[in-house]
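*Asks:* This is the structure I want to talk about, given as structure tokens.
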Ligand SMILES: Nc1ncnc2c1ncn2[C@@H]1O[C@H](COP(=O)(O)OP(=O)(O)OP(=O)(O)O)[C@@H](O)[C@H]1O
Ligand SMILES: [Mg+2]
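See the structure below:
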């Protein structure tokens, strides 16, 4: 469980996240959507501890981000939007490094991920040579190593091919069923609608709306618009929200 | 084995193997030339000092070692505050629950990584010291390593205390190493058993460190988040100059690139500040020299200006000041070597012209014969043209790796300057060939 209260993040010239409070419960996949610059990545970076200066509180279970930073590190896996991997390790070495650091025996998990993501041919190549999609796969796989209780994915699935996407969805669904908390930001509304049980909409740093799937169905039935049309009108005219 | 150490060694190993055989051979040969050449020269100087100037062996070693240590000490805060927060590998690791030993290894690895240039310079110095003073030197080297590790460890610990501001940290850091040196000096002066006591001091130091480390290691990554640079928007309204306002004196094919260079310099506050500050410091030093060492003025002004230009342009390889070129820029756009180099040349020559002007004024005030002034200006101009040329070559060759480019730049400058005055004609000829070769390689980098 992740609890965020009154989170505000300021950069020198903009307020990237503006007084956001939200609770992410166990066993649910959350989708985080919003236009470019809405503050999604900033929000996520504060969660994982890459942004140190913010107002408000962040709790992972009962651990506070400001006091128990070290404990929290073993509670989440994070895949960033622009993964920076070590170019002169192979994909396999990188995943094993993460497993060693997390002190888990992940041999079988790494093998499974390798076949799920179709990495067989490149697993022993240097990351240097990987395509963008392959890097994202490795970064996503690294976040999954040791099955941490919370998964935080920032546009992590963008470059995936259909097979890997299908497999990732199954992995995430299984994890959610086992009580993990998953937060997934994406620009692909369809993906979010298909994968997530709850959808969080951010705009200009503010929390615009938080929908469950039933509410979305309800909106569709009521207005006759699909979700993306609703999203557009919501972002352009915020007063139409719930 | 410690996972961090294991995979970082692995990474180095992979890197070496991924290089082409030709490049590996080149690196080894260059290293051997560099290493043997400098060792040879240094042995000669050290022997000279030992023979003629009545310096004791311990005295000489202590001076050299402390000089190196001073470099380590002075560079450490800079590394921690400016380089560490930009290091993506470190940021990545900071997200994982590292063990105590792993956190320490991580910091040490990245610390050494940034000192690599010092280590590279130090190895021939050590070898030379060893050759001219005997194997006792090994102990001194050990001492140096322990001391610098000690000092960097100190920094880690001070930084790990979360609630300190940058100035407090600075203050604490320098206070600590001041105390360390004072205790060290007391031990050194009160006993002639220099060695054993020093080791004792270091040993005690380590125990203190260990205690602190135990209490604070969990916040090792604090500095990364605190000092990670944010991009200031205000750079946009920094300059009213826009793309369309440039006079068209410069050849048409070079113009767009020239404007790109100029705008990215003018709009980068850090870069402008650097230029102004270094010129300012240079002026102060020159005025001081003129007041206190009046008779050395002529030598000093040539040497210092050359040093200024060398040092100043090394910042071309720091991404805080000059961004690296994208792959797209070099490989995809139809740019030719002469366009790129001329644009760099025109945009940078403004600053050099300013320096030349300052030199002219200073020498006129000092009152040197016109002939000598022209001589000095000529030397400086030739050197700066040479530096600009080298920069262009190196920046093109290592366009995607500024740090390596920086090392290559320093290496080449030292190498050419030293070689040009060595081995009679062979040195300059070898240098010339190397530069022609580099010219050839950099020419080939561009899309054609
Ligand atoms: N390092 C930074 N320095 C200054 N401002 C920043 C920085 N990073 C982000 N911002 C600003 O913060 C705001 C939110 O950015 P953020 O990256 O969180 O958006 P996002 O929702 O992730 O966008 P995208 O969908 O494009 O990834 C933007 O206005 C951006 O300009
Ligand atoms: Mg983002």
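Protein chains in written order, with this note's numbering: chain A, 2 to 243; chain B, 118 to 565. Note that the Cβ used here is the ideal one computed from N, Cα and C, for glycine as well. Quantities reported herein were computed from a predicted structural model and do not represent experimental measurements.
With a threshold of 9 Å between beta-carbons, can residue 127(B) be considered close to chain A, or not?
*Replies:* By 1-based counting over the second chain, the position of residue 127(B) is 10. By this cut-off, residue 127(B) is an interface position.
*Asks:* For the stretch 153-171 of chain B against the stretch 122-130 of chain A, do three or more pairs of beta-carbon atoms, one drawn from each stretch, fall closer than 8 Å, so that the two count as touching?
*Replies:* no
*Asks:* Using DSSP's beta-bridge definition, name the partner residues of residue 24(A).
*Replies:* On the first chain, residue 24(A) is found 23 positions in, with the first residue counted as 1. According to DSSP, which records beta bridges pairwise, residue 24(A) is partnered with 4(A).
*Asks:* The alpha helix (DSSP H) spanning residue 554(B) covers which residue range?
*Replies:* Reading the second chain from its first residue, position 437 is the one you call residue 554(B). 543-562 is the extent of the alpha helix (DSSP H) around residue 554(B).
*Asks:* Are residue 86(A) and residue 169(A) closer than 9 Å when you measure CB to CB?
*Replies:* For the purposes of this step, residue 86(A) is identified with residue 85 of the first chain, where counting begins at 1. For the purposes of this step, residue 169(A) is identified with residue 168 of the first chain, where counting begins at 1. No, the pair does not count as a contact, with Cβ atoms beyond the cut-off.
*Asks:* On a CA-only basis, which of 562(B), 549(B), 531(B), 455(B) is nearest residue 152(B)? Give me that one, please.
*Replies:* By 1-based counting over the second chain, the position of residue 152(B) is 35. Here the closest residue by C-alpha is 531(B).
*Asks:* Would DSSP call residue 105(A) helix, strand or coil?
*Replies:* Here residue 105(A) is taken as the residue at index 104 of the first chain, counted from 1. Three-state result, residue 105(A): coil.
*Asks:* At 3 residues or longer, and completely inside the stretch 84-169 of chain A: list those beta strand (DSSP E) runs for me, N to C.
*Replies:* 151-155
*Asks:* Compute the beta-carbon to beta-carbon distance between residue 39(A) and residue 204(A), rounded to the nearest angstrom, for a pair I have assumed lies under 8 Å.
*Replies:* In the first chain, counting from the first residue as 1, residue 39(A) sits at position 38. In the first chain, counting from the first residue as 1, residue 204(A) sits at position 203. Their Cβ separation, rounded to whole angstroms, is 5 Å, which keeps residue 39(A) and residue 204(A) in contact under 8 Å.
*Asks:* Can you tell me where the beta strand (DSSP E) with residue 210(A) in it begins and where it stops?
*Replies:* For the purposes of this step, residue 210(A) is taken as residue 209 along the first chain, with counting starting at 1. Here the beta strand (DSSP E) through residue 210(A) covers 207-213.
*Asks:* Would you say residue 159(A) lies against chain B (beta-carbon separation less than 9 Å)?
*Replies:* Within the first chain, residue 159(A) is the residue found at index 158, counting from 1. Not a single C-beta of chain B is nearer than 9 Å to the C-beta of residue 159(A).
*Asks:* Select from 19(A), 228(A), 182(A), 52(A) the residue whose C-alpha is nearest the C-alpha of residue 208(B).
*Replies:* Indexing the second chain from 1 puts residue 208(B) at position 91. A check of alpha carbon separations from residue 208(B) across 19(A), 228(A), 182(A), 52(A) identifies 52(A) as the nearest.
*Asks:* Classify residue 239(B) as buried or exposed, calling it buried when 16 or more other Cβ atoms lie within 10 Å of its own Cβ.
*Replies:* Position 122 of the second chain, counting from 1, holds the residue named residue 239(B). Buried is the call here.
*Asks:* On the CB-based measure, 16 or more other CB atoms within 10 Å of its CB, does residue 553(B) come out buried or exposed?
*Replies:* Start at 1 with the first residue of the second chain, and residue 553(B) comes out as number 436. Exposed: under 16 other Cβ atoms inside 10 Å.
*Asks:* Report the CB separation of residue 41(A) from residue 186(A) in whole angstroms; it is logged as a contact under 8 Å.
*Replies:* Numbered from 1 along the first chain, position 40 holds the residue referred to as residue 41(A). Numbered from 1 along the first chain, position 185 holds the residue referred to as residue 186(A). So it is a contact: roughly 5 Å between Cβ atoms.
*Asks:* CB residue 466(B) to CB residue 424(B), shorter than 9 Å?
*Replies:* Within the second chain, numbered from 1, the residue matching residue 466(B) stands at position 349. Within the second chain, numbered from 1, the residue matching residue 424(B) stands at position 307. No. Outside cutoff.
*Asks:* Which residues bound the beta strand (DSSP E) around residue 186(A)?
*Replies:* Within the first chain, numbered from 1, the residue matching residue 186(A) stands at position 185. 182-186 is the extent of the beta strand (DSSP E) around residue 186(A).
*Asks:* Cβ of residue 567(B) versus every heavy atom of ligand 2: is any distance shorter than 8 Å?
*Replies:* An answer regarding residue 567(B) cannot be provided, because it is not within the stretch 118 to 565 covered by chain B.
*Asks:* So the candidates are 198(A), 178(A), 236(A), 171(A); which of them puts its Cα closest to the Cα of residue 206(A)?
*Replies:* Translated into positions along the first chain, residue 206(A) becomes position 205. Of 198(A), 178(A), 236(A), 171(A), the residue nearest in Cα terms is 236(A).
*Asks:* Counting only beta-carbon atoms, is residue 524(B) nearer than 9 Å to chain A?
*Replies:* Mapped onto the second chain, residue 524(B) falls at position 407. Residue-level contact by beta carbon fails for residue 524(B) and chain A, as no gap is shorter than 9 Å.
*Asks:* With residue 504(B) as the anchor, note down where its alpha helix (DSSP H) starts and where it stops.
*Replies:* Within the second chain, residue 504(B) is the residue found at index 387, counting from 1. Per DSSP, the unbroken alpha helix (DSSP H) holding residue 504(B) starts and ends at 487-514.
*Asks:* So with Cβ pairs under 9 Å, would you call residue 199(B) a contact of chain A?
*Replies:* Here residue 199(B) is taken as the residue at index 82 of the second chain, counted from 1. When Cβ-Cβ separations below 9 Å define contact, residue 199(B) makes no contact with chain A.
*Asks:* Using CA coordinates, which residue listed in 555(B), 325(B), 336(B) is at the minimum distance from residue 72(A)?
*Replies:* Indexing the first chain from 1 puts residue 72(A) at position 71. That would be 336(B), whose Cα lies nearest to the Cα of residue 72(A).
*Asks:* Nearest chain A C-beta to residue 208(B) closer than 9 Å, yes or no?
*Replies:* Within the second chain, the letter at position 91 stands for residue 208(B). Residue 208(B) counts as touching chain A.
*Asks:* I'd like to check one pair, residue 155(A) with residue 81(A): are the Cβ atoms closer than 9 Å?
*Replies:* Walking along the first chain from the start, residue 81(A) turns up at place 80. Walking along the first chain from the start, residue 155(A) turns up at place 154. Cβ distance < 9 Å, so residue 81(A) and residue 155(A) count as in contact.
*Asks:* To which residues of the same chain is residue 202(B) closer than 6 Å at the C-beta, ignoring the five residues directly before and after it?
*Replies:* Indexing the second chain from 1 puts residue 202(B) at position 85. 341, 344, 345, listed in sequence order.
*Asks:* Tell me which residues of the stretch 335-347 of chain B have at least one Cβ-Cβ distance to chain A shorter than 9 Å, keeping chain order.
*Replies:* Of all residues in the stretch 335-347 of chain B, only 335, 336, 338, 339, 341, 342, 343, 345, 347 place a beta-carbon less than 9 Å from a beta-carbon of chain A.
*Asks:* Once the 5 residues before and after residue 60(A) are set aside, which same chain residues still bring their CB inside 6 Å of it?
*Replies:* The residue given as residue 60(A) occupies position 59 in the first chain. For residue 60(A), where only same-chain residues beyond five positions count, the Cβ hits under 6 Å are 4.
*Asks:* Answer with yes or no whether the minimum CB distance from residue 123(B) to chain A is below 9 Å.
*Replies:* Translated into positions along the second chain, residue 123(B) becomes position 6. Residue 123(B) counts as touching chain A.
*Asks:* Tell me the rounded alpha-carbon separation between residue 473(B) and residue 498(B).
*Replies:* Your numbering for residue 473(B) matches position 356 in the second chain. Your numbering for residue 498(B) matches position 381 in the second chain. Answer to the nearest angstrom: the Cα atoms are 8 Å apart.
*Asks:* Going along the chain, which unbroken runs of the beta strand (DSSP E) with 3 or more residues stay wholly within the stretch 15-74 of chain A?
*Replies:* 16-25, 30-34, 56-61
*Asks:* Taking 7 Å as the limit, name every residue whose beta carbon sits nearer than that to some heavy atom of ligand 2, in sequence order.
*Replies:* 41(A), 42(A), 82(A), 155(A), 156(A), 186(A)
*Asks:* Tell me whether residue 125(B) is buried or exposed, calling it buried when 16 or more other Cβ atoms sit within 10 Å of its Cβ.
*Replies:* Counted from its first residue, the second chain places residue 125(B) at position 8. Burial call: buried.
*Asks:* Please tell me whether residue 85(A) has its Cβ less than 9 Å away from any Cβ of chain B.
*Replies:* Taking the first chain and counting its residues from 1, one reaches residue 85(A) at position 84. Cβ-Cβ to chain B under 9 Å: yes for residue 85(A).
*Asks:* Let's test the definition: count the other Cβ atoms within 10 Å of the Cβ of residue 397(B) and tell me whether it reaches 16, buried, or not, exposed.
*Replies:* Position 280 of the second chain, counted from the start, is the residue given in the question as residue 397(B). Answer is exposed; the Cβ neighbour count stays below 16.
*Asks:* Assuming contact is defined by CB atoms lying nearer than 9 Å, are residue 571(B) and residue 373(B) in contact in what I supplied?
*Replies:* This structure does not reach residue 571(B), given that chain B is present from 118 up to 565, and the question cannot be answered.
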